[in-house]
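Under the numbering used here, the sequence shown has 3 at position 1, and the numbering climbs by one with no breaks. Cβ atoms here follow ideal geometry from the backbone N, Cα and C, with glycine treated the same way. Reading through the structure tokens given below for one structure.
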Amino acid sequence: MKGTVLIVEDQPNFREGLKFFISQSMANWTVIGEAETGEEGWRKAVELKPDLILMDIHMPVMNGIELAERIHSHNLDTLFIIITGFQDFQYAQSAIRYGAMDFLLKPCSDEDISGILDSAFKRLRVKRKEQQTTKEHLLRSILLKYQMNQELTSHFVHLFQCSQLWLITITDYFPAVKNYRADDLYVLQYGIYNIIQELAFSEDSEAKLLILKEDQFILSLSSSEQAAESWRDNAAVAVREYLGIEIESTLLGSSSDIHLLMSAYTGYCEHRVQPAGMPQPEAKSNKHQAVEAVKNEVMSLIISGDHLALQDYFEKIGQKVGALQLTEVKLNVINHTLVLDQISEVLGLFSNQSKPVDMLLQMIDQLHNNGELQCWFKDTCRDFTVRLERWKQQANPYVNSIQQAIDYIEEHYLNSELSIKQVAECIHLNPSYLSTLFKKETGETFTGYVTKLKLQKAQVLLRNTDMKISEICQTVGFDDSTYFSSVFKKHFQVSPSEFRQHH
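Put into structure tokens, the structure is as follows:
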């Protein structure tokens, strides 16, 4: 993975120096464009959609602060770093409120440039992972019919931006000519994923491969169906030659027509012929049938969107196992836990508590009575329910109140009048409810979150400037420098001056 950079700088020598350094020394970044003015930089930012913009503060036509403000107001999905001299830094720091992630101070060494680009790449990786997860959530919600509403479909169309969506299906992970085991499944999936991604990207730089189910991927392409023929043939041949596995590719349609996509996917699944080597439903074991029955029950409750009904179901199962023999209790708990793990994987509800099957069996075997099993199962169901609710919010950011609140705070944290009531009014929630929800989701009170945000902004200024601590205090929204220093030390275990010495 590489990030793309746009350099907006009116000094030709400095611009060329940056471009040369990045091309020679930064393996994670590629310069895809350059501009001499802020106006030209804006046009190229819209056209090229870079991951990162390096922009000078002083430029003709439109300066760096004006460009930062335009990027912010148009919600352009890019990181940006302000290039400035020390004498202009107090002016440049206003770019923080528009989302500047850091500052590059002239004159700057190769070490300065390298360090700031490494930090930017780490942030880009996190951002891309979040985008990948969101897209996969949306695909599963709509194509697998887990959840669908107008806001969700609107967000889907926005994220995929009229891409052509292809369904790639693995016809059989365990062909007779190969001695693959069930334990090899994830390695095989990883191999197939990388082969397809690499070949598709070589044909279309906008290609994105997303996991729909364990045996199905969705490939998003900007190119037409005709242009994809080469990729389809090469991918099928490569997967067959490297892994001995067959794949088939089917065009579902444009992401702008969701109903057509759903119809095409449903039609494909209904007419799909199962390979002879795959177990048929009637050949499944009693244990597998039990797991499938539980899975169907839980999935129907999730699809219905009835949160309380799902909780009631878990409670009834928990009460039921208390009246069974210990062996039956363990079997019941194992079946339900396996189902929750399978659903979690399909939906992307990843948890630090998920364990391989053998570890799960060992863990349950160590529970010696019905009471211990009931408590363990109750905790497992509670964890699943929490992760499911978070998934619903991530899949539909238009109804994610906490994210809306955080966005509002980011934009208005310098306002001394900012309050939980003001934020609640903006996103149309009761202040008391928002306060409780905010604490639950972020782990911090509203006041604590705002204070932490101000301190993080102060770190940027301490690391990059020689501004007095009293000036930094006022810049990030504190009225009293003594109080600022006290809060800073309490949060970071060092005083502002000590932090500056070590950074």
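*Look up L1 in the DSSP assignment and say whether it is helix, strand or coil.*
With the chain represented from 3 up to 505, any question about residue 1 goes unanswered, as that position is not in the structure.
*Based on the DSSP output, what are the partners of T6 in its beta bridges?*
Here residue 6 is taken as the residue at index 4 of the sequence shown, counted from 1. T32.
*Of the choices D314, L187, Q321, F379, whose alpha-carbon is the least far from that of T339?*
The sequence position of residue 339 within the sequence shown is 337, counting from 1. The candidate whose alpha carbon is nearest that of T339 is F379.
_Coil, strand or helix - E284 by DSSP_ = Position 282 of the sequence shown holds residue 284. With a pLDDT of only 39 at E284, under the threshold of 50, the placement of this residue in the model should not be trusted; the figure read from the coordinates follows. Three-state result, E284: helix.
*In whole angstroms, what separates the C-alpha of N236 from that of T171?*
One-based indexing of the sequence shown puts residue 236 at position 234. One-based indexing of the sequence shown puts residue 171 at position 169. Going by the C-alpha atoms only, they are around 15 Å apart.
*Residues that DSSP places opposite W168 in a beta bridge*: Against the sequence shown, residue 168 aligns to sequence position 166. L221, L253, per the DSSP bridge assignment.
*Kindly give me the distance between the Cβ atoms of E248 and D174, rounded to whole angstroms, as I take these residues to be in contact under 8 Å.*
Along the sequence shown, one-based indexing puts residue 248 at 246. Along the sequence shown, one-based indexing puts residue 174 at 172. With 8 Å as the limit, E248 and D174 qualify as a contact, their Cβ atoms being about 7 Å apart.
*C-beta atoms of L8 and G43 nearer than 8 Å*: In the sequence shown, residue 8 corresponds to position 6, counting from 1. In the sequence shown, residue 43 corresponds to position 41, counting from 1. For L8 and G43, yes; Cβs fall inside 8 Å.
_Presumed contact (8 Å Cβ cut-off) between Y415 and L375, rounded CB distance_ = Here residue 415 is taken as the residue at index 413 of the sequence shown, counted from 1. Here residue 375 is taken as the residue at index 373 of the sequence shown, counted from 1. With 8 Å as the limit, Y415 and L375 do not qualify as a contact, their Cβ atoms being about 48 Å apart.
*Give, in chain order, every unbroken run of the beta strand (DSSP E) that is at least 3 residues long and sits entirely within the segment 421–495.*
none
_Suppose the cutoff is 8 Å on Cβ atoms and the five residues either side in sequence are ignored; what does the same chain contact list for Y315 look like?_
Residue 315 sits at position 313 when you count from the first residue of the sequence shown. Within the same chain, Y315 has close Cβ partners E299, V300, L303.
*C-alpha distance - Q503 paired with C428, whole-angstrom precision*: Counted from its first residue, the sequence shown places residue 503 at position 501. Counted from its first residue, the sequence shown places residue 428 at position 426. So the alpha carbons of these two residues sit roughly 41 Å apart.
*If we ignore side chains and look at the alpha-carbon of each, how far apart do G445 and S437 end up?*
On the sequence shown, position 443 is the one that residue 445 refers to. On the sequence shown, position 435 is the one that residue 437 refers to. If you take the alpha carbons of G445 and S437, they lie about 11 Å apart.
*Would you mind sorting P467 into buried or exposed? The rule is 16 or more other CB atoms within 10 Å of its CB.*
Here residue 467 refers to the residue found at position 465 of the sequence shown. In the sequence as presented, Pro is not what sits at residue 467; that position holds Thr. Buried, by the Cβ-count rule.
*Can you tell me the Cα-Cα spacing of R384 and K129, whole angstroms?*
Position 382 of the sequence shown, counting from 1, holds the residue named residue 384. Position 127 of the sequence shown, counting from 1, holds the residue named residue 129. The alpha-carbon atoms of R384 and K129 are separated by roughly 28 Å.
*asked:* Strictly by DSSP, which residues pair up with G87?
replied: Residue numbering aside, residue 87 sits at position 85 when the sequence shown is read from its first letter. Answer is K108, bridged to G87.
_Assuming I213 is part of the beta strand (DSSP E), what are its boundary residues?_
What you label residue 213 is simply residue 211 of the sequence shown in a count that begins at 1. Element bounds for I213: 210–215.
*Given a cut-off of 8 Å, decide if S497 and K486 are closer than it, judged by their beta-carbon atoms.*
By 1-based counting over the sequence shown, the position of residue 486 is 484. By 1-based counting over the sequence shown, the position of residue 497 is 495. Correcting the residue type first, residue 486 is Phe in the shown sequence and not Lys. Not in contact: F486 and S497 (Cβ atoms no closer than 8 Å).
*Could you check if S222 is buried or exposed, using at least 16 other CB atoms within 10 Å of its CB as the buried criterion?*
To locate residue 222, count along the sequence shown from 1; it is residue 220. Classification for S222: buried.
_Backbone secondary structure at D58 - three-state DSSP_ = Numbered from 1 along the sequence shown, position 56 holds the residue referred to as residue 58. If DSSP states are grouped into helix, strand and coil, D58 belongs with the strands.
*Roughly how many angstroms separate the alpha carbons of S75 and D217, rounded to a whole number?*
Taking the first residue of the sequence shown as 1, we reach residue 75 at position 73. Taking the first residue of the sequence shown as 1, we reach residue 217 at position 215. Straight-line spacing of the CA atoms in S75 and D217 works out to 41 Å.
*Compute the distance between the beta-carbons of S116 and S27, then report whether it is under 8 Å.*
Against the sequence shown, residue 116 aligns to sequence position 114. Against the sequence shown, residue 27 aligns to sequence position 25. Going by C-beta atoms, S116 is nearer than 8 Å to S27.
_I'd like to know whether the C-beta atoms of W233 and L201 end up nearer to each other than 8 Å._
Numbered from its first residue, the sequence shown carries residue 233 at position 231. Numbered from its first residue, the sequence shown carries residue 201 at position 199. Yes, these two residues count as a Cβ contact at 8 Å.
*Taking DSSP as the reference, what is the three-state secondary structure of F82?*
Walking along the sequence shown from the start, residue 82 turns up at place 80. It is a strand residue.
*Tell me whether A178 sits in a helix, a strand or coil according to DSSP, three-state version.*
Here residue 178 refers to the residue found at position 176 when the sequence shown is read from its first residue. Reduced to three states, the DSSP call for A178 is coil.
*Cβ-Cβ separation, I85 to D104 (assumed contact under 8 Å), whole Å*: Here residue 104 is taken as the residue at index 102 of the sequence shown, counted from 1. Here residue 85 is taken as the residue at index 83 of the sequence shown, counted from 1. With 8 Å as the limit, D104 and I85 do not qualify as a contact, their Cβ atoms being about 10 Å apart.
*Looking at T477 and L463, is the spacing between their C-beta atoms short of 8 Å?*
As a position in the sequence shown, residue 463 is number 461, starting the count at 1. As a position in the sequence shown, residue 477 is number 475, starting the count at 1. Against a cut-off of 8 Å, the Cβ pair of T477 and L463 comes out as a contact.
*Leaving aside the five residues before and after D53 along the sequence, list all residues of the same chain whose C-beta is less than 6 Å from its C-beta, in chain order.*
The residue you call residue 53 lines up with position 51 of the sequence shown. Cβ neighbours of D53 within its own chain (closer than 6 Å, five residues either side excluded): G5, T6, L126.
*Beta-bridge pairing of A37 - partner residues as DSSP gives them*: Counting from 1 along the sequence shown, the entry for residue 37 is found at position 35. Per DSSP, V10.
*Pick from Y451, E138, H370 that is closest to D409, judged by C-alpha positions*: Against the sequence shown, residue 409 aligns to sequence position 407. Comparing Cα-Cα distances from D409 to each of Y451, E138, H370, the minimum goes to Y451.
*asked:* Please report the straight-line C-alpha distance between G279 and R45, rounded to a whole angstrom.
replied: To locate residue 279, count along the sequence shown from 1; it is residue 277. To locate residue 45, count along the sequence shown from 1; it is residue 43. The predicted position of G279 is uncertain, since its pLDDT is 42 and thus under 50; a value taken from the coordinates is nonetheless stated next. Answer to the nearest angstrom: the Cα atoms are 55 Å apart.
*Cβ neighbours of A238 in the same chain (closer than 8 Å, five flanking residues each side left out)*: Taking the first residue of the sequence shown as 1, we reach residue 238 at position 236. Here the set comprises E248, I249, E250, S251.
*Can you name the start and end residues of the alpha helix (DSSP H) that Q405 belongs to?*
Locating residue 405 in the sequence shown gives position 403, counting from the first residue. Residues 403–414.
*Nearest to K210 by CA position, among K441, T136, E153, I260, is which residue?*
Locating residue 210 in the sequence shown gives position 208, counting from the first residue. Taking only the C-alpha atoms, the option nearest K210 is T136.
*asked:* Does Q368 come out as helix, strand or coil in the three-state DSSP assignment?
replied: Along the sequence shown, read from residue 1 onward, the residue named residue 368 stands at position 366. Looking at Q368 - three-state DSSP - the assignment turns out to be coil, as it is neither helix nor strand.
*Report the rounded CA-to-CA distance for A240 versus L145, giving the unit in angstroms.*
Reading the sequence shown from its first residue, position 238 is the one you call residue 240. Reading the sequence shown from its first residue, position 143 is the one you call residue 145. If I take the Cα positions, the gap works out to 27 Å.
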